[in-house]
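Asker: Residues 1 to 473 in the UniProt record's numbering are what the sequence shown spells out, letter by letter. All C-beta atoms, glycine included, are put in the ideal place defined by N, C-alpha and C.
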Amino acid sequence: MSTIDSPPSAAPTQADPYALRPEDARPAPASFRDRLRHLGPGFVLSAAVVGSGELITTTALGAKAGFALLWLVVVSTGVKVWVQMELARWTILNGRTALEGYREVGPRVGRLGWINWLWIGMDLAKMFQRGGIIGGTAAACSVLWPVIGEPLSAGSLALWALVVTLAAILLLQSGKYGLVERACVVSVIIFTLITVSLAVGLPATAFGFGTSELGSGFSFEIPAGTIGIALAVFGITGVGADEMTTYTYWCMEKGYARWTGPDDGTEERARRAEGWIKVMRLDVLAGLAVCVVCTLSFYVIGAAVLHPQGLVPEGNEMITTLSRIYTDTMGPWAEYLFLVGAIAVLFSTLIGSTASVPRLWTNTLGMLGVVKWEDVASRTRAVRILTWTLPLVWACFFLYVQSPVLMVQIGGIGGGIFLLAVVVAVWKLRYAGVPERFRSSPWMTVALVVSSAAILCVGVYGVLDTLGMVASE
Numbered sequence: 001m002s003t004i005d006s007p008p009s010a011a012p013t014q015a016d017p018y019a020l021r022p023e024d025a026r027p028a029p030a031s032f033r034d035r036l037r038h039l040g041p042g043f044v045l046s047a048a049v050v051g052s053g054e055l056i057t058t059t060a061l062g063a064k065a066g067f068a069l070l071w072l073v074v075v076s077t078g079v080k081v082w083v084q085m086e087l088a089r090w091t092i093l094n095g096r097t098a099l100e101g102y103r104e105v106g107p108r109v110g111r112l113g114w115i116n117w118l119w120i121g122m123d124l125a126k127m128f129q130r131g132g133i134i135g136g137t138a139a140a141c142s143v144l145w146p147v148i149g150e151p152l153s154a155g156s157l158a159l160w161a162l163v164v165t166l167a168a169i170l171l172l173q174s175g176k177y178g179l180v181e182r183a184c185v186v187s188v189i190i191f192t193l194i195t196v197s198l199a200v201g202l203p204a205t206a207f208g209f210g211t212s213e214l215g216s217g218f219s220f221e222i223p224a225g226t227i228g229i230a231l232a233v234f235g236i237t238g239v240g241a242d243e244m245t246t247y248t249y250w251c252m253e254k255g256y257a258r259w260t261g262p263d264d265g266t267e268e269r270a271r272r273a274e275g276w277i278k279v280m281r282l283d284v285l286a287g288l289a290v291c292v293v294c295t296l297s298f299y300v301i302g303a304a305v306l307h308p309q310g311l312v313p314e315g316n317e318m319i320t321t322l323s324r325i326y327t328d329t330m331g332p333w334a335e336y337l338f339l340v341g342a343i344a345v346l347f348s349t350l351i352g353s354t355a356s357v358p359r360l361w362t363n364t365l366g367m368l369g370v371v372k373w374e375d376v377a378s379r380t381r382a383v384r385i386l387t388w389t390l391p392l393v394w395a396c397f398f399l400y401v402q403s404p405v406l407m408v409q410i411g412g413i414g415g416g417i418f419l420l421a422v423v424v425a426v427w428k429l430r431y432a433g434v435p436e437r438f439r440s441s442p443w444m445t446v447a448l449v450v451s452s453a454a455i456l457c458v459g460v461y462g463v464l465d466t467l468g469m470v471a472s473e
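(1) Would Leu-202 pass as a contact of Val-305 if the rule is Cβ separation under 8 Å?
(2) Any contact between the region 430-442 and the region 209-228? By contact I mean 3 or more CB pairs, one from each, below 8 Å.
(3) Once the 5 residues before and after Leu-72 are set aside, which same chain residues still bring their CB inside 8 Å of it?
(4) I'd like to check one pair, Arg-272 with Asp-263: are the Cβ atoms closer than 8 Å?
(5) Spatial neighbours of Leu-296 within its chain, please: CB distance less than 8 Å, with the 5 preceding and 5 following residues excluded, ordered by chain position.
(6) Along the chain, which unbroken stretches of the alpha helix (DSSP H) at least 4 residues long are found entirely within the region 95-155?
(7) Return yes when the Cβ of Pro-358 is within less than 8 Å of the Cβ of Val-383, no when it is not.
(8) Spatial neighbours of Ala-454 within its chain, please: CB distance less than 6 Å, with the 5 preceding and 5 following residues excluded, ordered by chain position.
(9) Run through DSSP, which three-state label would Gln-173 get?
(10) Within 10 angstroms of its Cβ, does Ala-11 collect 16 or more other Cβ (buried), or is it exposed?
(11) Quick one: what does DSSP say Tyr-400 is sitting in, helix, strand or coil?
(12) Run through DSSP, which three-state label would Pro-223 get?
(13) Going by DSSP in three states, Glu-335 sits in which element: helix, strand or coil?
(14) Would you kindly check if the distance between the Cβ of Gly-366 and the Cβ of Asn-94 is under 8 Å?
(15) What is the rounded straight-line gap between the Cα of Tyr-18 and the Cα of Asn-116?
(16) Based on Cα-Cα distance, which residue from Arg-21, Arg-37, Val-50 and Val-422 lies nearest to Cys-291?
(17) Just to check my reading of the structure: Val-44 and Glu-181 have Cβ atoms closer than 8 Å, yes? What is that Cβ distance to the nearest angstrom?
(18) Considering only the alpha carbon of each residue, which of Gly-66, Arg-26, Val-147 and Glu-150 lies closest to Thr-226?
(19) Have a look at Lys-126, Gly-238 and Leu-20 and flag the residue whose alpha-carbon is nearest the alpha-carbon of Leu-55.
(20) Identify the continuous alpha helix (DSSP H) that holds Val-279 and give its terminal residues.
(21) Could you please give the first and the last residue of the uninterrupted alpha helix (DSSP H) stretch that includes Thr-245?
(22) Would you mind stating whether Thr-260 and Ala-88 have Cβ atoms separated by less than 8 Å?
(23) Are Leu-311 and Thr-321 close, meaning C-beta to C-beta below 8 Å?
(24) So what does DSSP say about Asp-16, is it helix, strand or coil?
(25) What's the gap between the Cα of Leu-456 and the Cα of Gly-155?
(26) Just verifying my parser: in three-state terms, what is the DSSP assignment at Pro-308?
(27) Assign Val-186 to one of three DSSP states: helix, strand, or coil.
(28) Could you check what DSSP says for Glu-374 in three-state terms: helix, strand or coil?
(29) So, with DSSP's three-state summary, where would you put Leu-368?
(30) Under three-state DSSP, which class holds Gly-208?
(31) Counting pairs of beta carbons, one from the region 337-351 and one from the region 131-148, are three or more of them closer than 8 Å?
(32) Determine whether the beta carbon atoms of Arg-35 and Val-279 lie at a separation below 8 Å.
(33) To the nearest angstrom, how far is the alpha carbon of Phe-298 from that of Val-284?
(34) From Ser-174 to Gln-309, what does the alpha carbon distance come to, in whole angstroms?
(35) Between which two residues does the alpha helix (DSSP H) containing Arg-33 stretch?
(36) Helix, strand or coil for Asp-24, going by three-state DSSP, please let me know.
Have a look at this one:
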């Protein structure tokens, strides 16, 4: 890739994270402790992943299936990261984003590849999901403090939808990665502590569970009549195709590719690349740990409390259904704890989307020739404009539909279809843009094959289910 030099008359105060320059290269940390200091993108991704899917959908799946599919939550969350790692490795070695890589997978339609056009369609569908995230956050705030009328009334929901949307915009309008990372890390700490506390506290209530229930959840069996639910668990939990794509941008902005430097064919550069790829893998695993712990907690809440009562969260009543669990068993104070945790979880997802989606659209507009992506000032201006406009559009989607669960599911369908294309792109880029030296590990190849096969199976099922070609159970 050709390097992008700064204008000689006015050097930027901060290096362009999307440009590879020899002077920005630095050796990767060698010790485990030093590598920990360079983590970050994985937590930004965790803040985006652990939100609508886990709080809204995973809890509902636990309510439907009980403890029987607990093992599948762990498997589905962990198996997808290998595709994520492969895509991020290509980005570090080439200094290019995932959307730029997708353009190389033919055939092209105009200036973009077919996967880029598929991403555009998927992201339009995802607007429903992001509207659902705003709606879920607004619903939690409305139950906690209605301000206008009764909890979950139209006026209260509209007010809080506007408040949370503007809060996310104002927090991120500067577009600086450091601010995004700090906001996401704080959110991850808050919602992880609260979520785990709520799940661990259940045995002290009337809905307690023991080792027998947990043991049945790890029998590695799929009970009769739950095939559809099992595939839904796999498709919804963990990292999705859009998060895999977004992760490459955070790797760039953190500095993994910039610190690797342009490929000059030297051994020194190859060693730097190997070092920063190791940091990236540790970052992915750290983010995975957060996702697994929180997803398990939400699933256990649904399986232990909602499943025995036959309750499944729906519409705006999703928040009250879940919060009533803790009011009935632990007292009013527990409801407040749950609502604070729900707000932290959902708002963190909104932060992740508000920070990432404008970058992806700006990159797409750059490839279409509308925006000068290589120009820092032009790119920053476009990101700020989209940071202000897109979240307001998502909020309008919620105010029109007003069903967080349905909206999240619509976005999930779009993401499931896009998963198929991402797997195709990863294998194409692996052999077209990753030298043999960096893909010689047999066990990594096996993990990628298993991950790809699982994603393809679920993606095909999702398409067939959407078309009504899967028999209902």
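Answerer: According to the structure data:
(1) yes
(2) no
(3) Ile-222, Ala-230, Val-233 and Phe-234
(4) no
(5) Leu-70, Val-73, Val-74 and Ala-199
(6) With a minimum length of 4 residues, the continuous alpha helix (DSSP H) runs that stay inside the region 95-155 are 98-102 and 114-144.
(7) yes
(8) Val-79
(9) coil
(10) At Ala-11, the pLDDT of 42 sits below 50, so the modelled position is not reliable and the matter cannot be decided from this model.
(11) helix
(12) DSSP places Pro-223 in coil when its eight states are reduced to three.
(13) helix
(14) no
(15) 19 Å
(16) Minimum Cα distance to Cys-291 is reached at Val-50.
(17) 6 Å
(18) With respect to the C-alpha of Thr-226, the residue from Gly-66, Arg-26, Val-147 and Glu-150 having the closest C-alpha is Gly-66.
(19) Gly-238
(20) Segment 267-301, the alpha helix (DSSP H) holding Val-279.
(21) 241-254
(22) no
(23) yes
(24) Here Asp-16 carries a coil assignment [DSSP, helix/strand/coil].
(25) Rounded to the nearest whole angstrom, the CA to CA distance from Leu-456 to Gly-155 is 43 Å.
(26) DSSP places Pro-308 in helix when its eight states are reduced to three.
(27) helix
(28) Here Glu-374 sits in coil by DSSP.
(29) coil
(30) coil
(31) yes
(32) yes
(33) Looking at the backbone, the Cα of Phe-298 and that of Val-284 are separated by about 21 Å.
(34) 47 Å
(35) 32-36
(36) helix
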